[in-house]
Each structure stands twice: as C-alpha cells, then as structure tokens.
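A short write-up of the structure that comes next.
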Amino acid sequence: MKEITRKQIQRADLVFRGRMSRTTFLDHPAFCYSFESSGFKDYIFGATTGPSIGIDNLFHEMAHAIDFVLTGDDIKRRTLGGRFNFEVNMVSINGRLYEQLETSQCTMRECRAFAIQMKLMHIVGFKTNLESMAANYAHLTIWLPDWYLIEGDNETERVEWCKNHIMKLYNEYDDQSILNAFQIWLDSIQHIKQSVKAS
Ligand SMILES: [Zn+2]
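Right, here's the structure in full:
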C-alpha cells in the first residue's frame, strides 16, 4: 500500500473512516487511533512505522489486538501501561528464566497478525490481491529474531513457507469471528481504562 505524507493524513482519515463505517467500531468509546503515533500506545492504534504513515499499519495493530483475543491471551497483562506487551514466553531451566526462542513464536504471531489484517481489510472493502499481499508480508518476517527457525534451507524457501502459512491462516479465519474478537477487545479495553481511572 502507498505511503502517505502528513498533508495526506486528512484524506487518509476519510478513507479509513469510510471503510470502518462498514462496521460498528467507529462509535465504540475504546476505539482510538492516530496518524501521528505508532504501534499501540496509550490505548491508541497508530498508523506510523518509522518515517512512514499508512492505513495498513492501523489494520496491522488492530490485527494484533484481535490475535490476542483469538489466542485467549490475558488482555490486561498484554496492555499494561496502555501499550502492547509482546514479550515472548519464558522457560525456567535450573531456576533461571530463558526466552523460549526455539518455538518461533514471534514469527508465528506476525504470520497470524498479517492473515487477520488481510481478512479485516477485505471485510471493510479493500480489494487487494491476496497472493501478492501475503507475499509482501512474508518478506517482512525475515527481520524477526526467531525467523531462522522457520522450515526451509534458505531465505527464498522460508519466505515461501511464511507466505503459504499466511494464506492458510487467512482461509481458516472467518469474518464473523474476526469482528466478534475485535468487539471483545474494545469492550475489554474500555473496562480496563475505567478501572485504571478509578484506581
Ligand atoms: Zn506486527
């Protein structure tokens, strides 16, 4: 998807709101987004990554939120401080904690997020080619710390594996469960924000 400059934010916001108006989420009090921030901070989905701004970044962050719900993660723990906490699972070996990197969980999480992102973007009416979208996203996975654990003898084979995995996941997710999961997420965040305020 094309990158957008600061001057184009207003236009991008109109496009984003137009797409999202196919859902009920724009009116949810916990649905906050910004074209000025990145990731998920202060309970706000951000559209920037590094120097670039893009609507698809918003959908990517929303996809991580949906993934936390679908995988049954503890939403309160994952959003401590109002931001995503992506820490990997730790294993205890002889009383010491180690990162469980042998499970390729970072790459698997990103593959799920990309598949959910594609699903969500299609639900709200983006008509992007699935295969090329999955191929683009698969190329981004090579920067992940546990990517070398993915099946394959070389970079081309691993990227191909990730692309196929993203497509497989995409076909497994159904529209309604994606939308339901995001509703659960927003309701949970609303509840968390209220309890933070009250304490
Ligand atoms: Zn991600």
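Numbering (the working numbering), first residue to last: 725 to 923.
Cβ coordinates follow ideal geometry from the N, Cα and C atoms, glycine included.
Self-check item: Neighbour-count burial assignment, W867, 16 or more Cβ in a 10 Å radius
Solution: Counted from its first residue, the sequence shown places residue 867 at position 143. When all chains shown are included, W867 counts as exposed.
Practice problem: Using DSSP bridges, identify the partner residues of R820. | Solution: For the purposes of this step, residue 820 is taken as residue 96 along the sequence shown, with counting starting at 1. The partner list for R820 (beta bridge, DSSP) reads I817.
Exercise. Measure from the alpha carbon of E884 to the alpha carbon of each residue in Q841, A862, L854, S923, then state which is nearest.
Key: The count along the sequence shown starts at 1 and reaches residue 884 at position 160. Checked all of Q841, A862, L854, S923; the closest Cα to E884 is A862.
Quiz item: Is the beta carbon of I908 less than 8 Å from the beta carbon of V793?
Solution: Numbered from 1 along the sequence shown, position 184 holds the residue referred to as residue 908. Numbered from 1 along the sequence shown, position 69 holds the residue referred to as residue 793. Taking 8 Å as the Cβ cut-off, I908 and V793 qualify as a contacting pair.
Quiz prompt | Identified DSSP bridge partners for G762 | solution = Residue 762 sits at position 38 when you count from the first residue of the sequence shown. It is worth fixing the name first, because residue 762 is Ser in this sequence and not Gly. Answer by DSSP bridge pairing, in chain order: T772.
Self-check item: Buried/exposed call for A905, threshold 16 Cβ in 10 Å
Solution: For the purposes of this step, residue 905 is taken as residue 181 along the sequence shown, with counting starting at 1. When all chains shown are included, A905 counts as buried.
Quiz item: Cα-Cα, which of G819, S816, A837 is closest to F810?
Solution: Here residue 810 refers to the residue found at position 86 when the sequence shown is read from its first residue. That would be A837, whose Cα lies nearest to the Cα of F810.
Exercise. On a CA-only basis, which of S923, I913, Q841, N860 is nearest I768? Give me that one, please.
Key: Against the sequence shown, residue 768 aligns to sequence position 44. It is I913 whose Cα lies nearest to the Cα of I768.
Self-check item: S901 - containing alpha helix (DSSP H), residue span
Solution: Within the sequence shown, the letter at position 177 stands for residue 901. Taken as a continuous stretch (DSSP letters only), the alpha helix (DSSP H) holding S901 covers 899 to 922.
Practice problem: Reducing DSSP to helix, strand and coil, say where F757 ends up. | Solution: Within the sequence shown, the letter at position 33 stands for residue 757. Position check: residue 757 holds Tyr in this sequence, whereas Phe was assumed. DSSP places Y757 in strand when its eight states are reduced to three.
Quiz prompt | the region 840 to 850 in contact with the region 772 to 786 per 3-pair CB rule at 8 Å | solution = yes
Quiz item: In terms of alpha-carbon separation, which member of C756, G796, I779 lies closest to K917?
Solution: Mapped onto the sequence shown, residue 917 falls at position 193. For K917, the nearest C-alpha among the options comes from C756.
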